[in-house]
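Enquirer: Counting from 198, one number per residue, gives the positions in the sequence shown under my numbering.
Glycine residues also receive a C-beta, built at the ideal position from the N, C-alpha and C atoms.
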Amino acid sequence: MTKTFTGAVMLPGEAGNGLEATLSLDPERVTLTAGDSQLGSWDRADYLITPESNGSFGLTLGGETLVFRPDSPSEFSSTSAVPMAEPLAVKAESKSKSKSKSKSKSKSKSKAPAAVNEDSYINSAIANIRPLSDPNDDGGLSKGFVTIMTLLAVAICIAAVVTAALV
Numbered sequence: 198m199t200k201t202f203t204g205a206v207m208l209p210g211e212a213g214n215g216l217e218a219t220l221s222l223d224p225e226r227v228t229l230t231a232g233d234s235q236l237g238s239w240d241r242a243d244y245l246i247t248p249e250s251n252g253s254f255g256l257t258l259g260g261e262t263l264v265f266r267p268d269s270p271s272e273f274s275s276t277s278a279v280p281m282a283e284p285l286a287v288k289a290e291s292k293s294k295s296k297s298k299s300k301s302k303s304k305s306k307s308k309a310p311a312a313v314n315e316d317s318y319i320n321s322a323i324a325n326i327r328p329l330s331d332p333n334d335d336g337g338l339s340k341g342f343v344t345i346m347t348l349l350a351v352a353i354c355i356a357a358v359v360t361a362a363l364v
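(1) With distances taken Cα to Cα, identify the nearest neighbour of Asn214 among Val264, Leu349, Gly255 and Ala352.
(2) Quick check: what's the CA-CA separation for Asp243 versus Gly259?
(3) Flag this pair as yes or no: are the beta carbons of Ser221 and Ile246 separated by less than 8 Å?
(4) Which same chain residues end up closer than 8 Å to Ala218 when comparing Cβ atoms and leaving out the 5 residues on each side of it in sequence?
(5) From Ile353 to Leu363, what distance separates their C-alpha atoms?
(6) Going by DSSP, what residue range makes up the beta strand (DSSP E) through Leu263?
(7) For Asn251, tell me which candidate among Ala212, Thr347 and Pro270 has the shortest Cα-Cα distance.
(8) Skipping 5 residues on each side, what residues in its chain have a beta carbon closer than 6 Å to that of Asp268?
(9) Buried or exposed: Leu348, going by 16 or more other Cβ atoms within 10 Å of its Cβ?
(10) Between Gly255 and Lys340, what straight-line distance do the alpha-carbon atoms span, to the nearest angstrom?
(11) Any idea if Val227 is buried or exposed, counting beta-carbon neighbours within 10 angstroms, 16 or more meaning buried?
(12) Would you decide whether Ser275 is buried or exposed? Buried here means 16 or more other CB atoms lie within 10 Å of its CB.
(13) In the structure shown, what three-state DSSP assignment does Val206 receive?
(14) When we look at the beta-carbon of Phe342 and count the other beta-carbons within 10 Å, is it buried (16 or more) or exposed?
(15) What three-state label does DSSP hand Ser250 in the structure shown?
(16) The beta strand (DSSP E) spanning Glu211 covers which residue range?
(17) Using the three-state DSSP reduction, which class does Asp240 fall into: helix, strand or coil?
Given below as structure tokens:
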């Protein structure tokens, strides 16, 4: 059964939004298309999908490496059976926890891995949340605009008080 995912494809280390693309996976082949153009199709033996950071996945297709950022990283991860990568902060936290655990003996070894896995899963999900808007876009509310609107509101309030006092 073929499963199709939309997203963006880019070269490793490339900044920006990348090229809008569709990745189709079936048990025997993977096909990459952009718009009406098929970029390529590879047999199962010729492709590899690996987790990257922030909901991106590395695609090694016939010896070439690309980065695929699916619109729904969690759906892509579960369907392709490739786990999402842990954020760097979680990895560092896990390493520091493992060092401190090795120094002190833990009495309940069976409960600790479940808690760490649950925390890792939650932190990974949080790290893969994308903003709804561009973080560099202030939505048009510049300092000057806010200052003018505030002065206008104060002037209206003063006019209302003066009008009420004269009536």
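Expert: Here's the rundown:
(1) Position 17 of the sequence shown, counting from 1, holds the residue named residue 214. For Asn214, the nearest C-alpha among the options comes from Val264.
(2) Residue numbering aside, residue 243 sits at position 46 when the sequence shown is read from its first letter. Residue numbering aside, residue 259 sits at position 62 when the sequence shown is read from its first letter. One C-alpha to the other measures close to 5 Å.
(3) In the sequence shown, the residue the question calls residue 221 occupies position 24. In the sequence shown, the residue the question calls residue 246 occupies position 49. No, they are not a contact pair.
(4) On the sequence shown, residue 218 is found 21 positions in, with the first residue counted as 1. Same-chain partners within the cutoff: Thr203, Gly204, Ala205, Val206, Leu229, Thr230, Ala231, Leu236 and Phe265.
(5) Mapped onto the sequence shown, residue 353 falls at position 156. Mapped onto the sequence shown, residue 363 falls at position 166. Taking the straight line from one Cα to the other gives about 15 Å.
(6) On the sequence shown, position 66 is the one that residue 263 refers to. Glu261 to Pro267 is the extent of the beta strand (DSSP E) around Leu263.
(7) If you number the sequence shown from 1, residue 251 lands on position 54. Among Ala212, Thr347 and Pro270, the Cα nearest to that of Asn251 belongs to Pro270.
(8) Walking along the sequence shown from the start, residue 268 turns up at place 71. Taken in chain order, the residues that qualify are Thr203 and Gly204.
(9) The residue labelled residue 348 in the question sits at position 151 within the sequence shown. Burial call: exposed.
(10) The residue you call residue 255 lines up with position 58 of the sequence shown. The residue you call residue 340 lines up with position 143 of the sequence shown. So the alpha carbons of these two residues sit roughly 42 Å apart.
(11) Here residue 227 corresponds to residue number 30 of the sequence shown, with the count starting at 1. Counting Cβ neighbours within 10 Å, Val227 comes out buried, since at least 16 surround it.
(12) Within the sequence shown, numbered from 1, the residue matching residue 275 stands at position 78. Exposed, because fewer than 16 other Cβ atoms sit within 10 Å of the Cβ of Ser275.
(13) Position 9 of the sequence shown, counted from the first residue, corresponds to residue 206. Strand at Val206.
(14) Here residue 342 refers to the residue found at position 145 of the sequence shown. It is exposed - the Cβ of Phe342 has fewer than 16 other Cβ atoms within 10 Å.
(15) Counting from one through the sequence shown, the residue named residue 250 turns up at place 53. Coil at Ser250, not helix or strand.
(16) Counted from its first residue, the sequence shown places residue 211 at position 14. Premise fails: Glu211 is in no beta strand (DSSP E) and is neither H nor E.
(17) Translated into the one-based positions of the sequence shown, residue 240 becomes position 43. Asp240 falls in the strand class under three-state DSSP.
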